[in-house]
Each structure stands twice: as structure tokens, then as C-alpha cells.
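The structure appears below as C-alpha cells.
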Amino acid sequence: MPRPPVLPALDWPEIFAEASTFEAWLESAEFPDKAAAMAHNVAEITLVDEAASFLQDLPRRVNVLVVAEDWCGDVVRHVPALMRLARESEQLTVRFVTREERPEVFVRFLTNGGEAIPKFVFFSADFVECGNWGPMPENCRRLISRGKACGDVPAARKIVAARYEADTGCVEAITELLDLVELTSASSM
Numbered sequence: 029m030p031r032p033p034v035l036p037a038l039d040w041p042e043i044f045a046e047a048s049t050f051e052a053w054l055e056s057a058e059f060p061d062k063a064a065a066m067a068h069n070v071a072e073i074t075l076v077d078e079a080a081s082f083l084q085d086l087p088r089r090v091n092v093l094v095v096a097e098d099w100c101g102d103v104v105r106h107v108p109a110l111m112r113l114a115r116e117s118e119q120l121t122v123r124f125v126t127r128e129e130r131p132e133v134f135v136r137f138l139t140n141g142g143e144a145i146p147k148f149v150f151f152s153a154d155f156v157e158c159g160n161w162g163p164m165p166e167n168c169r170r171l172i173s174r175g176k177a178c179g180d181v182p183a184a185r186k187i188v189a190a191r192y193e194a195d196t197g198c199v200e201a202i203t204e205l206l207d208l209v210e211l212t213s214a215s216s217m
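Just so you know, the sequence shown maps onto residues 29 to 217 in this note's numbering.
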């Protein structure tokens with residue numbers, strides 16, 4: 029039986045080392061107003077004490093590679109949530125690439141076969157991929173998929189927009205991101 033095609037291996041540590049910091053990524057933004065909004069929103073997000081304490085005591089390093097572009101509404105909404113977590117822990121390191129810079133990375137993380145950003149790829153200290161997140165919380169992704177299935181994506185987007193408006197602190201996304209941080213930083217079963 030023939031073997032299926034395999035994507036070539038990537039040098040994740042090298043890709044991560046060459047990627048931009050949050051500040052450098054913001055400086056190169058195509059839309060400075062959106063970059064300014066993201067920088068501002070990081071400080072506006074509040075973490076519950078348990079989350080802050082958990083992040084401050086991470087047992088191992090977590091590396092997150094973000095595929096994002098500043099023009100995207102989901103990027104503007106969710107990147108500050110991730111960066112708020114990173115600001116709480118020296119063990120959580122985040123770097124940024126764009127789809128154009130690293131198409132070989134982005135093609136591995138399509139959403140239902142489509143190009144959607146942001147994508148947050150979680151790596152252990154040794155750059156073992158442990159999971160990915162994006163472009164929006166799971167319940168919102170399901171709503172969009174349901175809208176596609178029944179042929180009414182505009183209605184799905186309207187429901188997602190209402191969920192976003194109700195979740196001003198990005199609690200749903202932060203909960204999912206914290207789960208991935210916990211999984212990725214695990215030092216034992």
C-alpha cells in the first residue's frame with residue numbers, strides 16, 4: 029500500500045528564533061491604528077488571581093508561535109489575550125510570523141481547509157508541538173462551521189459577533205489558552 033505524502037520536517041527552533049517579538053511585529057504593522065489597539069488591549073484584560081498565580085508558577089517553558097496579520101479582526105481581538113498571559117509569566121514566550129513570511133508553517137494549520145488567522149501553535153521547551161488554537165474559541169468555530177453547513181455564514185458571523193460583544197474580557201479564549209499552556213508546560217502525567 030502506498031504511503032500518504034508527508035509534509036517536510038520544519039526546524040521549529042530556528043523558525044521561532046527568527047520570528048518577531050510582539051513589539052517588533054506591532055512596529056511592522058500594516059495598520060498602525062490596529063497595532064495601537066492591540067497594544068492598549070493587552071493592559072485592559074484582567075486575569076483572575078488563580079490564572080495569574082498559575083502562570084507565574086509554570087513548571088516548564090512554553091513557546092507559542094503566532095501566525096497573524098494586523099488587519100484581521102480576530103487577530104486584533106485574540107492576540108492581546110495571549111499577550112496578557114505572556115506578560116504574567118517569564119516561562120511563556122511568544123513570537124510572531126505572517127502567512128507570507130512562513131507559508132510552510134501556515135499551511136499546516138488551516139481551519140477546516142481554509143486560511144484563517146490567528147493561529148497560535150504551542151511548543152514545549154524542547155519544541156515538541158503540543159497543540160494549536162485559533163482563529164477563535166471552539167464554540168465560535170463550531171458556529172461558523174454550522175453556518176457553512178446550512179449555507180448561512182452571515183447568520184453565524186452575527187452570532188459570533190454577539191458572543192464577542194458579551195465576552196469583553198476574552199474569557200472564553202483565555203480559558204482555552206490556559207488549558208493549552210497547562211498541557212504544554214506539564215512536567216509529568
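Quick reminder that beta carbons are idealized off the backbone N, C-alpha and C, glycines included.
In this text the structure is predicted, and so the values were computed from the model without any measurement.
Out of curiosity, what's the CA-to-CA distance linking residue i and residue j?
i      : j      : result
Phe148 : Arg112 : 14 Å
Glu157 : Glu132 : 15 Å
Asn69  : Phe59  : 16 Å
Phe134 : Leu38  : 12 Å
Val92  : Arg170 : 24 Å
Ala241 : Glu193 : The displayed coordinates of the chain run from 29 to 217. Any statement about residue 241 would go beyond what the structure contains.
Glu78  : Leu211 : 16 Å
Val95  : Glu129 : 9 Å
Thr203 : Ala64  : 25 Å
Glu191 : Val199 : Looking at the sequence itself, residue 191 is Arg, so the reference to Glu does not match. Roughly 11 Å between the two C-alpha positions.
Gln84  : Leu205 : 15 Å
Val34  : Thr121 : 29 Å
Run through DSSP, which three-state label would residue i get?
i      : result
Thr212 : helix
Arg105 : helix
Ser48  : strand
Glu175 : What sits at residue 175 in the sequence shown is Gly, not Glu. Of the three classes helix, strand and coil, the one that applies to Gly175 here is helix, per DSSP.
Asn115 : One detail in the question is off: residue 115 reads as Arg in this sequence, not Asn. Arg115 falls in the helix class under three-state DSSP.
Leu120 : strand
Asn140 : coil
Cys168 : helix
Val125 : strand
Leu93  : strand
Give a yes or no on whether the C-beta atoms belonging to residue i and residue j are separated by under 8 Å.
i      : j      : result
Pro146 : Asp102 : yes
Val181 : Ile187 : no
Asp98  : Ala52  : no
Phe44  : Arg174 : no
His106 : Ala184 : no
Ile73  : Pro108 : yes
Ala144 : Pro163 : yes
Could you say which of the options lies nearest to residue i if we only look at CA atoms?
i      : options                : result
Phe150 : Val199, Gly142, Val90  : Val90
Ala189 : Asn167, Asp85, Glu210  : Asn167
Ser81  : Glu55, Arg115, Phe155  : Arg115
Met66  : Ala177, Arg127, Cys100 : Cys100
Can you name, in chain order, every residue of its own chain whose Cβ lies under 7 Å from the Cβ of residue i, other than the five neighbours on each side?
i      : result
Asn160 : Phe137, Lys147, Phe148, Val149, Phe150
Gly141 : none
Within a Cβ cutoff of 6 Å, which residues of the same chain sit near residue i, ignoring the five residues on either side of it in sequence?
i     : result
Arg88 : Ala153, Ser213, Ser215
Ser48 : Phe124
Leu86 : Ser117, Gln119, Ser213
Leaving out five residues before and five after residue i in sequence, what residues of the same chain have Cβ atoms less than 8 Å from its Cβ?
i      : result
Gly197 : Ile73, Thr74
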